[in-house]
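A.B. asks:
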Amino acid sequence: MAARVAAVRAVAWLLLGAATGLTRGPPAALSAARSDAGTRAMCSEIILRQEVLKDGFHRDLLIKVKFGESIEDLQTCRLLIKQDIPAGLFVDPYELASLRERNITEAVMVSENFDLEAPNYLSKESEVLIYARQDSQCVDCFQAFLPVHYRYHRPHSHDGETSIVVNHPDLLMFCDQEFPILKCWAHSKVEAPCALENEDICQWNKMKYKSVYKNVTLQVPVGLTIHTSLVCSVTLFVTILCSTLILVAIFKYGHFSL
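For reference, each letter of the sequence shown is one residue, going -21 to -1, 1 to 237 in mature numbering (1 follows the signal peptide of the UniProt record, and there is no 0).
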């Protein structure tokens, strides 16, 4: 008899516990669902846009980054863009120094043994660090500016153009305070200088983003090998003609004293 009573009590307790769980379950699940929905709403994508301005052999690479509208206090964050420069292009470090002095852009070359005059086929890829600035016309936007220049390429036998592909950059972010939203985008930790004016190293967050366009492709005009004889002949003729005219002018108008 006692065993039956104990069994009945046990079943009753189990039924009561199940009923309590069913009663408490929906609010807890609803709260968790709301939390997940809030996190998903906060985790809007970072949008990156690369554009090339100007025409000719001297261009400007403009990079714009837009965060989600839910981000606040971005003033405490810094954005660093690590851009690889293909062998067909070069960045002039002396030009960058001049732009830094005039407070136009904050960029520095990372690569060493860099030759400005080398043609494309004797050059290697280089790397530039650009400290992006907040856009005054957009609260949650950053932008960076970098002048790039074409290198000389080998002449082609048929096509008078060649292509240069500028890959998407690495996007690094460092904030003075912790933001839960950073966990949405942070991919890994990368060491880089904290700022342009000092050599301190910071742990930056490498961010995941969505690019508006595919990799930027530039078309560079090149010479044709069938024109080699004509170009050499005209160049030699012009050189001899100009040298002769200079010598004639020297002997005619020059004053010589022995």
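All residues carry an ideal CB built from backbone N, CA and C; glycine is no exception.
Could you say if the segment 82 to 91 and the segment 178 to 195 meet the contact criterion of at least three C-beta pairs nearer than 8 Å?
C.D. replies: Flag = no, the segment 82 to 91 and the segment 178 to 195 do not touch.
A.B. asks: What is the C-beta distance between Glu41 and Leu32, in whole angstroms, given that I count them as a contact (C-beta under 8 Å)?
C.D. replies: As written in the sequence, residue 41 is Leu, which differs from the Glu given in the question. About 6 Å separates the two Cβ atoms, so the contact holds.
A.B. asks: Starting from Lys61, follow its DSSP beta bridges and name the residues at the other end.
C.D. replies: Leu108, Asp149
A.B. asks: Run through DSSP, which three-state label would Arg81 get?
C.D. replies: coil
A.B. asks: Could you check if Asn177 is buried or exposed, using at least 16 other CB atoms within 10 Å of its CB as the buried criterion?
C.D. replies: exposed
A.B. asks: At which residues does the beta strand (DSSP E) containing Lys185 begin and terminate?
C.D. replies: 180 to 186
A.B. asks: Is the beta carbon of Pro134 less than 7 Å from the beta carbon of Val201?
C.D. replies: In this structure, Val201 lies closer than 7 Å to Pro134 by Cβ.
A.B. asks: Asn82 to Cys163, Cα distance in whole Å?
C.D. replies: 33 Å
A.B. asks: Would you call the segment 113 to 127 in contact with the segment 205 to 219, where contact means no fewer than 3 C-beta pairs closer than 8 Å?
C.D. replies: no
A.B. asks: Under 7 Å, do Leu203 and Gly139 count as touching if we go by C-beta distance?
C.D. replies: yes
A.B. asks: When you compare only the Cα positions, how much space is there between His137 and Asp94?
C.D. replies: Distance between the alpha carbons of His137 and Asp94 is about 29 Å.
A.B. asks: Name the one or two DSSP bridge partners that Leu161 has.
C.D. replies: BP columns for Leu161 are empty, so no partner.
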